[in-house]
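*Asks:* There's a structure below that I have some questions on.
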Amino acid sequence: MVHTDPTLPAEGYRLTITPTGIEVRTSDAAGLVYARQTLRQLAGPDAFRAAPIPGRTLTVPCGVIEDYPRFAWRGCLLDVARHFRTKAEVLRFIDLLAAHKLNVLQLHLTDDQGWRIEVPDFPRLTEIASWRTGSMVGRHDGPERDGRPHGGFYTTDDLHEIVAYATARAITVIPEIDVPGHSRAAIAAYPELGPAPETPWEVWTSWGISTNLLHPSDYALNFFHRVFDHVLTIFPSQIIGLGGDEAPGATPAHGQFVADLAKYLTSRGRTPLAWDEVLEIDALPPMVIGAWRDDTAATRATHAGHKVVLCPESAYYLDHRQSDHPNEPIPVGYLHTLEHVHAYTPANAPHILGIQAQIWTEHLDTARRIDYATFPRLCAISETAWSPPLHDFTEFLPRLRDHHLPRLAALGVEYRPLTGPHPWQTRPDVPHTAHRPLPDRPGSAPNRRITPA
Ligand code: ACM
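Numbers given in the working numbering equal positions in the sequence shown, counted from 1, plus 477.
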């Protein structure tokens, strides 16, 4: 029996399970999605399989559960630009987010290394910008390239399908088109977007931060108006991402370009989302800021009148290494153990919409690598998104180990075992960048370099 109960908090539900039946009260459609997920959790790992196991039936314990999330924005960014993920893989990823009661998928659709969304007005974005001739293998400064073309893009129909699939699971897909940095793929396709149209560029085969920015011309502004016009026909999300990060050498004209695009989105009734670098720009409309670089960004954003999503690189960048285990695959970035991720304590304040994990994919070139980097750390982030502050790792860990990891295994998720990678999850073949220490965190010192065998 399902009832709507407006006295429950937003996205909340109450499950009453007795020997004679199950009553579900939900505040809204999302609450019903979460009540169903909780019933599945109560039924045990078999409920996470795609078909019943012969001779086994599902049962749930009696009791009452009332539940609602702490944060309205419980997000995960998936970078499908550095390494493309097929539509089927994105749908599977949405299922995994839903299983963890997360409700925002930020799709990072464009970057220096690839453009992943078909835009009918600009066919070269898919003919040229959607693939590169090869990829850097491992570290940012090395000469290695694999010589293997990499690419892919989503058609308009694919994206409509992805959005509808996510919506049915109470997930909003927020598209991100990154400007004025991270734009080399678009410039390779349309050199008029760059500072020197006569100089041919290639879709970038390196990782790192490119110093080649969009040239903030009227042509580029008009071009991106038309790109966003198309994006807005596909994505009903109130929030639309325009990047704004890592634009070394940006001038006031680049800042004006970002502000103009932000205002364009506002004029279309949407709210722009950008990374905290844009706080250097004057005259932005009210926006959502992804605060990733340090704790002061959230405060600066609030003082400037924006809303904030906490996306801290110091805790929630899931491409970063999970341990100093000698076999940790491609151990870039800061040390983010499961315990560190669980320990991050976001502030509660009206302007803080919530929290978001980031899955950048320079070094995550397959869905299997994404599983490994994402789980179980994303489980800890989901706990933080749903639970009151100061939940306890010693309580979380056995619950994760004894109850949740078996669910992930039943789902077919190749998570990182708590004791370290399986042999087939290691990457002794790939050189990697030096580790970056987090000065204020014990155990975060750079560990030794792992040389290829
Ligand atoms: C970012 O990591 N460049 C947002």
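Beta carbons are placed, not taken as given, at the ideal position from N, Cα and C, and that holds for glycine.
Near P496, what residues of its chain come up, given a Cβ to Cβ distance below 6 angstroms and the 5 sequence neighbours on each side ignored?
*Replies:* Position 19 of the sequence shown, counted from the start, is the residue given in the question as residue 496. The answer is none, since no qualifying residue turns up.
*Asks:* With a 10 Å radius around its C-beta and 16 neighbouring C-beta atoms as the bar for buried, classify E872 as buried or exposed.
*Replies:* In the sequence shown, the residue the question calls residue 872 occupies position 395. By the neighbour-count rule (16 or more Cβ atoms within 10 Å), E872 is not buried but exposed.
*Asks:* Measure the C-alpha to C-alpha separation of A981 and E723 and round it to an integer number of angstroms.
*Replies:* Missing from the structure shown is residue 981; the chain here goes from 478 to 930 and no further.
*Asks:* Going by DSSP in three states, S921 sits in which element: helix, strand or coil?
*Replies:* Mapped onto the sequence shown, residue 921 falls at position 444. Its pLDDT being 43, under 50, S921 is placed unreliably by the model, and nothing is read from it.
*Asks:* Report the option in I605, A665, I829, G685 whose CA atom is closest to the CA atom of T676.
*Replies:* Counting from one through the sequence shown, the residue named residue 676 turns up at place 199. The residue with the shortest Cα to Cα distance from T676 is A665.
*Asks:* Applying the 10 Å Cβ sphere with the 16-neighbour rule, what's the burial state of H480?
*Replies:* Start at 1 with the first residue of the sequence shown, and residue 480 comes out as number 3. That one is exposed.
*Asks:* With a CB to CB cut of under 7 angstroms and the five nearest residues on each side skipped, what residues in its chain are close to L519?
*Replies:* Within the sequence shown, numbered from 1, the residue matching residue 519 stands at position 42. So the list reads V537, P538, once near-sequence residues are dropped.
*Asks:* Could you tell me which of G810, L516, A826 sits nearest to V786, measuring between CA atoms?
*Replies:* Here residue 786 refers to the residue found at position 309 of the sequence shown. Ranking G810, L516, A826 by Cα distance to V786 puts A826 first.
*Asks:* Using 8 angstroms for Cβ pairs, my map puts W837 next to Y794. What's the rounded Cβ distance?
*Replies:* By one-based count along the sequence shown, residue 837 stands at place 360. By one-based count along the sequence shown, residue 794 stands at place 317. Yes, W837 and Y794 are in contact; Cβ-Cβ is about 7 angstroms, under 8 angstroms.
*Asks:* Rounded to whole angstroms, what is the Cα-Cα separation between Y696 and D589?
*Replies:* Position 219 of the sequence shown, counted from the first residue, corresponds to residue 696. Position 112 of the sequence shown, counted from the first residue, corresponds to residue 589. If you take the alpha carbons of Y696 and D589, they lie about 19 angstroms apart.
*Asks:* Taking 8 angstroms as the cut-off, does the CB of Y741 come closer than this to any heavy atom belonging to the ligand ACM?
*Replies:* Residue numbering aside, residue 741 sits at position 264 when the sequence shown is read from its first letter. Because no heavy atom of the ligand ACM lies under 8 angstroms away, the Cβ of Y741 does not count as near it: no.
*Asks:* What residue does the beta strand (DSSP E) around I494 start on, and which one ends it?
*Replies:* Working through the sequence shown from its first residue, we reach residue 494 at position 17. Note, I494: beta strand (DSSP E), 490-495.
*Asks:* Sorry if obvious, but does the Cβ on Y794 come closer than 8 angstroms to a heavy atom of the ligand ACM?
*Replies:* As a first step, residue 794 is located in the sequence shown; it is residue number 317 there, counting from the start. Checking the Cβ of Y794 against the ligand ACM gives yes.
*Asks:* Do you know offhand how far A834's Cα is from T843's?
*Replies:* Looking up residue 834 in the sequence shown gives position 357. Looking up residue 843 in the sequence shown gives position 366. Those two C-alpha atoms are separated by around 18 angstroms.
*Asks:* According to DSSP, simplified to helix, strand and coil, what is V735?
*Replies:* For this step, residue 735 is matched to residue 258 along the sequence shown. Helix at V735.
*Asks:* Which ranges does the beta strand (DSSP E) cover as unbroken runs of at least 3 residues, wholly within the region 684-755, from first to last along the chain?
*Replies:* For the region 684-755, whole beta strand (DSSP E) runs of length 3 or above, ordered along the chain, are 716-720, 748-752.
*Asks:* Indicate whether the contact test is met: 3 or more Cβ pairs, each with one atom in the region 768-775 and one in the region 724-738, closer than 8 angstroms.
*Replies:* No: the two stretches stay apart, fewer than three of their Cβ pairs being nearer than 8 angstroms.
*Asks:* So, using beta-carbon positions, are V557 and V567 closer together than 9 angstroms?
*Replies:* As a working mapping, residue 557 is identified with position 80 in the sequence shown. As a working mapping, residue 567 is identified with position 90 in the sequence shown. Closer than 9 angstroms, so yes.
*Asks:* What does Q590 pair with, by DSSP beta-bridge criteria?
*Replies:* Position 113 of the sequence shown, counted from the start, is the residue given in the question as residue 590. Partner(s): none; Q590 has no beta bridge.
*Asks:* State the CB to CB distance for the pair G624 and S607, rounded to an integer number of angstroms; the pair is presumed to be in contact (CB under 8 angstroms).
*Replies:* Here residue 624 refers to the residue found at position 147 when the sequence shown is read from its first residue. Here residue 607 refers to the residue found at position 130 when the sequence shown is read from its first residue. Actually they are not in contact, since the Cβ atoms of G624 and S607 sit about 19 angstroms apart, beyond 8 angstroms.
*Asks:* Look up Q835 in the DSSP assignment and say whether it is helix, strand or coil.
*Replies:* Working through the sequence shown from its first residue, we reach residue 835 at position 358. Strand, per DSSP.
*Asks:* Would you say the region 795-809 touches the region 848-860, given that touching needs at least three Cβ pairs under 8 angstroms?
*Replies:* Counting Cβ pairs under 8 angstroms, three or more are found: they touch.
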